[in-house]
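Chain order of the listed sequences is A and B. Just so we're aligned, residue 220 is where the first sequence starts under our numbering, counting upward by one. Just so we're aligned, residue 86 is where the second sequence starts under our numbering, counting upward by one. Every residue gets a Cβ at the ideal spot worked out from N, C-alpha and C, and that includes glycine. Comments concern the structure below.
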Amino acid sequence: SAFERVIRSVLRELDGSGELVPVDSLGRSAGFQPYCLLLRRRCRSAFWRPRFECVDMSIRDILEPDAPEPDTEQAGPFHFHDAVDGQLRGSVELAALGQGRLAGEATVSGSSSASMHVSLLSVHPNTWMTLRQERRLRQPEPQVLQQLRGCGGDLYVVTKALQTQREVEVTRTQRQEGSGQFALPAAVCLEGKGQGHLSRKRTVTIPAGSVLAFRPALLTIGSDWDVLLFPDKRQKTFGLQPPASPHLTWLRAGAAQTSGAACTPHAHGDTAYAREHTQQHAHVGAHMGARAHKSTHESAHRGTLMGACTQEHNPHSREHTWARTRERTWQRARPSRAGWAGRRHRGLVRAAPQPGPPPAACPHYGHQIQSGQSFRPASAAPGAHRLALWWARPTLPLPSDE
Amino acid sequence: AAGSPAPSEAWSGLRAEVAEQARGLSVLAGELRGQLLGSLVHVLPEAEALRGLEESLEQGLRRGHVESQAGPVGAILECLTLSCRRLEEGLTEVVLYLLGALAALTETQHGLLARGLDAGALLAPLGLVGSVLEQSAPWRLRQPVSLPAQLLGSGWGPEAPAWALLQECGLELRSDAPHVSWEPEARGQLCALYACLVLLSGLSQA
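Listed below in C-alpha cells is the structure:
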C-alpha cells in the first residue's frame with residue numbers, strides 16, 4: 220500500500236539500525252502510541268516478523284493509581300521529502316485480466332511523492348524505572364490481563380513511536396502509454412487510432428499524530444511488573460524468568476545453607492515494616508521504598524553492604540531510589556524470591572549507580588560504609604564471585620582452592 | 086524472533102520448512118480437504134474471520150477441546166476436530182502456520198489469494214515468487230532479479246495477479262525485460278507469501 224511504501228522510505232532514512240517496527244495499517248496506527256500495550260502472537264517461522272496486535276489498552280490501565288502516563292521525550296521534527304519519478308520504455312504485452320489485451324510498444328512511468336514532518340517520541344528508560352517504583356499492578360488483576368495470560372502470547376509496551384506532525388497526502392501515480400493493437404478495457408482512454416494510455420493514481424491522506432513505526436519492549440508481569448528493553452528469547456510476560464547462571468545457582472545454594480527456610484522477606488519483617496511506612500507516608504511508592512529501605516539498613520548494620528547506605532530514613536529520598544534501584548537490578552536477575560532473600564540476607568547488594576559519593580559512615584548506626592566495591596557479575600573471572608562473597612560475609616569460609 | 090537465517094540456509098531453509106508443513110496437510114482425506122479449501126476461500130478475504138479462526142485454534146490447543154461454531158470458521162474447525170472434540174494437533178499446527186503467514190500479508194493479497202484459490206490459479210504466482218526468492222537469496226542486498234519468461238505466461242503487467250501480489254510486498258516491478266527490484270525489507274512478506282502459495286496450491290491441487 221502507499222502507506223507502507225512511505226513508511227519504508229522514512230525508516231530507511233531515520234532508522235538505520237532497524238529497531239523500529241513499521242505499522243502495517245493506517246487504520247490501526249492509533250494503537251501504537253507510546254505506553255500502549257501490544258500482544259505479540261507466537262511466530263511459527265523465523266522467516267517472517269512476529270505480529271504485534273493492539274489490545275486497546277495503555278499501561279495506565281493495568282497500574283494503580285489511575286493517573287496519566289508520564290510525558291515522552293520528543294526528537295525532531297524531521298522533515299522528510301520523497302519524490303520518485305521513473306520512466307520505462309519497451310515492448311510489453313499486458314493482459315488486463317478478463318478485460319482485454321494490450322500489445323505493442325509502451326512506456327510505463329511511475330512517480331510517487333510524499334513530504335512529511337515526523338518526530339520520534341520515546342519513553343526514557345529512567346521513566347520506566349520511576350514508574351515501576353511508584354506504581355504497582357492493579358489488584359485484583361484486570362480481567363483483560365487474565366484473558367491475555369491464557370492467550371499464550373507476550374505483552375509488549377510501546378517505548379518509541381515515529382509520529383507524523385502534520386497531515387500529509389501521499390500520491391502514487393502510474394501511467395502507461397502505448398501504440399499497437401489494442402483491445403482495451405473501458406478504463407483506458409483512447410487517443411487516436413492505435414494509441415492509448417492508462418493512468419492510475421493513488422492518494423492516501425495520513426492524519427497528523429499517526430504512528431508510522433514503533434519500538435516495543437517486553438512487559439513482564441509476576442508479583443511485580445517490569446519493562447525489558449532488551450529481553451532474551453526465554454523471557455515471557457507471564458512466564459518464568461530464565462534459568463539462573465551457575466554462578467547464581469551457587470549463590471542460591473549458599474543461601475539455603477546459611478539462612479535456611481527462615482530466610483524469607485516475611486521472616487525479615489519487611490512486609491510489616493512496609494505497611495507501617497505506607498500508612499505513615501500515605502505515598503504510593505512507600506511500600507516499595509520502605510521495603511528497600513529496611514533491607515538496605517539491615518544489611519548495612521551487619522557491615523556487609525557493598526555500596527552506599529541511605530543517608531536519611533526518608534523513603535522518598537534519592538538515596539532510597541538508589542537502594543530501590545539495587546533491589547530492582549537484583550530482582551531482574553533473581554531466580555526466585557527465596558534466592559533473593561538469601562542474597563539480601565547476606566548483604567550481597569550490588570553497588571548502585573550513584574549520583575554522588577556515598578557517606579563515609581552510616582548516620583544511624585555509625586558503621587563504616589564500604590564503597591567503590593561492586594559485586595562481580597556471573598561473567599567475571601572463575602572463582603572471583605566466591606572471593607567477593609567471602610569478602611561480603613567474612614563468616615563464610617574461603618574456598619580452599621582460592 | 087524473526088531471526089536472520091544463514092545465507093546458505095535462506096532459500097533452502099524456507100523451502101524445507103514450508104515443504105514440511107505441506108506434508109502435514111497431505112494426511113487430510115479428499116473430502117475434508119475440499120471442505121477446508123471451500124471454507125478457506127470464504128475466510129481469506131475477511132481479516133476478522135482469520136483472526137477469529139486463529140484465536141479459536143490457539144484456544145482449542147490450550148484447552149484440549151474446541152467449541153462448535155457456525156459459518157466457514159466453524160467448518161474449518163470441524164475439519165480439524167476429532168470425534169472427541171479435540172483438535173488434531175499436527176493439522177492444527179499447519180493451519181496455524183498458514184494463518185501466521187497470512188497475517189504477514191496485506192488484505193489486498195488475501196483477496197488475490199482467495200480469488201486464485203477459487204480459480205485454481207496459484208501455481209503461476211508460486212513459480213514466480215519462488216524464482217524471485219531463489220535468485221535474491223540471501224535476501225540482504227538490493228538487486229534486480231529477472232523473471233523467467235516461461236513463468237510469466239501470456240500476460241505480465243499491473244493487472245496480472247502475480248504482479249499485484251509481488252508489488253504488495255513492496256517490490257518494484259518492471260514489465261519491459263521483466264524483472265523485479267529486490268528490497269531486503271520485503272523479505273518477510275515474500276517468504277510468507279511463498280508459504281501461503283505452497284500450502285494453498287497444495288490443497289487445491291489435490
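N-terminal and C-terminal residue of the beta strand (DSSP E) that residue i is part of
{"i": "R434 of chain A", "result": "V430 to I440"}
{"i": "P229 of chain B", "result": "Q228 to S231"}
{"i": "L198 of chain B", "result": "Run containing L198 of chain B: none in the beta strand (DSSP E); it sits in the alpha helix (DSSP H), E192 to A204."}
{"i": "E360 of chain A", "result": "Premise fails: E360 of chain A is in no beta strand (DSSP E) and is neither H nor E."}
{"i": "W241 of chain B", "result": "W241 of chain B -> no beta strand (DSSP E), and no H or E assigned at all."}
{"i": "L447 of chain A", "result": "W444 to L447"}
{"i": "R259 of chain B", "result": "E257 to R259"}
Element boundaries [alpha helix (DSSP H), containing residue i]
{"i": "Q290 of chain B", "result": "R272 to Q290"}
{"i": "V180 of chain B", "result": "E174 to A188"}
{"i": "L122 of chain B", "result": "G115 to V128"}
{"i": "W267 of chain B", "result": "Taken as a continuous stretch (DSSP letters only), W267 of chain B belongs to no alpha helix (DSSP H), being part of the beta strand (DSSP E) at H264 to W267."}
{"i": "L374 of chain A", "result": "L374 of chain A -> not in any alpha helix (DSSP H); beta strand (DSSP E) instead, spanning D373 to T383."}
{"i": "W224 of chain B", "result": "Counting along the chain, W224 of chain B falls outside any alpha helix (DSSP H), and DSSP gives it neither H nor E."}
{"i": "W248 of chain B", "result": "P246 to Q252"}
{"i": "V158 of chain B", "result": "G156 to C164"}
{"i": "Q144 of chain B", "result": "A132 to R148"}
Whole-angstrom distance between residue j and residue i, CA atom to CA atom
{"i": "A104 of chain B", "j": "V283 of chain B", "result": "8 Å"}
{"i": "E244 of chain B", "j": "N345 of chain A", "result": "52 Å"}
{"i": "V112 of chain B", "j": "F297 of chain A", "result": "55 Å"}
{"i": "Y375 of chain A", "j": "E238 of chain A", "result": "14 Å"}
{"i": "A315 of chain A", "j": "Q252 of chain B", "result": "Low per-residue confidence applies at A315 of chain A: pLDDT is 35, beneath 50, and the placement is therefore not dependable enough to give any value."}
{"i": "L230 of chain A", "j": "T383 of chain A", "result": "13 Å"}
{"i": "C221 of chain B", "j": "V230 of chain B", "result": "At residue 221 of chain B the sequence reads Ser, which differs from the Cys that was named. Those two C-alpha atoms are separated by around 7 Å."}
{"i": "P284 of chain A", "j": "L356 of chain A", "result": "9 Å"}
{"i": "A486 of chain A", "j": "D373 of chain A", "result": "Because the pLDDT at A486 of chain A is just 33, under 50, the model does not fix this residue reliably, and the value given afterwards should be weighed accordingly. Those two C-alpha atoms are separated by around 34 Å."}
{"i": "L129 of chain B", "j": "T349 of chain A", "result": "45 Å"}
{"i": "L167 of chain B", "j": "G287 of chain B", "result": "22 Å"}
{"i": "V158 of chain B", "j": "L117 of chain B", "result": "14 Å"}
{"i": "W444 of chain A", "j": "V180 of chain B", "result": "34 Å"}
{"i": "F251 of chain A", "j": "R260 of chain A", "result": "16 Å"}
{"i": "E257 of chain B", "j": "S266 of chain B", "result": "5 Å"}
{"i": "H195 of chain B", "j": "Q352 of chain A", "result": "46 Å"}
{"i": "W224 of chain B", "j": "E268 of chain B", "result": "8 Å"}
{"i": "A155 of chain B", "j": "L138 of chain B", "result": "12 Å"}
{"i": "S216 of chain B", "j": "P233 of chain B", "result": "8 Å"}
{"i": "H343 of chain A", "j": "T424 of chain A", "result": "31 Å"}
{"i": "E219 of chain B", "j": "G273 of chain B", "result": "14 Å"}
{"i": "A271 of chain B", "j": "C254 of chain B", "result": "6 Å"}
{"i": "I281 of chain A", "j": "L197 of chain B", "result": "40 Å"}
{"i": "A177 of chain B", "j": "S264 of chain A", "result": "Residue identity check: residue 177 of chain B is Thr in the sequence provided, not Ala. Rounded to the nearest angstrom, the two C-alpha atoms are 15 Å apart."}
{"i": "S289 of chain B", "j": "L202 of chain B", "result": "7 Å"}
{"i": "C169 of chain B", "j": "T390 of chain A", "result": "55 Å"}
{"i": "Y279 of chain B", "j": "T193 of chain B", "result": "16 Å"}
{"i": "R200 of chain B", "j": "E292 of chain A", "result": "47 Å"}
Where residue i meets chain A, residues with beta-carbon distance less than 8 Å
{"i": "C164 of chain B", "result": "None at all; the shortest Cβ gap to chain A is about 19 Å."}
{"i": "Q235 of chain B", "result": "Chain A residues near Q235 of chain B: none, gap ~14 Å exceeds 8 Å."}
{"i": "E105 of chain B", "result": "Chain A residues near E105 of chain B: none, gap ~11 Å exceeds 8 Å."}
{"i": "E102 of chain B", "result": "S264 and F266"}
Partners in chain A for residue i, counting only beta-carbon separations shorter than 7 Å
{"i": "L99 of chain B", "result": "F266"}
{"i": "G255 of chain B", "result": "E223, R224 and R227"}
{"i": "E270 of chain B", "result": "R227"}
Closer than 9 Å at the beta carbon, the chain A residues around residue i
{"i": "G273 of chain B", "result": "F266, W267 and R268"}
{"i": "C276 of chain B", "result": "S264, F266 and W267"}
{"i": "E116 of chain B", "result": "Those within 9 Å of E116 of chain B in chain A number zero; the least Cβ separation is about 27 Å."}
- [ ] Closer than 9 Å, Cβ to Cβ, to anything on chain B: give me those residues from the segment 269-294 of chain A, in chain order.
- [x] P269, R270 and E272
Task: beta strand (DSSP E) segments (min. 3 residues) lying fully within the segment 250-312 of chain A - done: 255-259 and 271-277
Task: Residues in the segment 222-233 of chain A having any Cβ partner in chain B nearer than 7 Å - done: Considering only beta carbons, the part of the segment 222-233 of chain A lying closer than 7 Å to chain B consists of E223, R224 and R227, in chain order.
Open item on the list: For the segment 168-199 of chain B, list every residue whose C-beta sits within 8 Å of some C-beta in chain A, in sequence order.
Closed with: E178, L181, Y182, G185, A186, A188, A189, T191 and T193
Open item on the list: Along the segment 132-147 of chain B, where does the CB come closer than 7 Å to a CB of chain D? Name the residues.
Closed with: Considering every chain present, this structure includes no chain D. Its protein chains are A and B.
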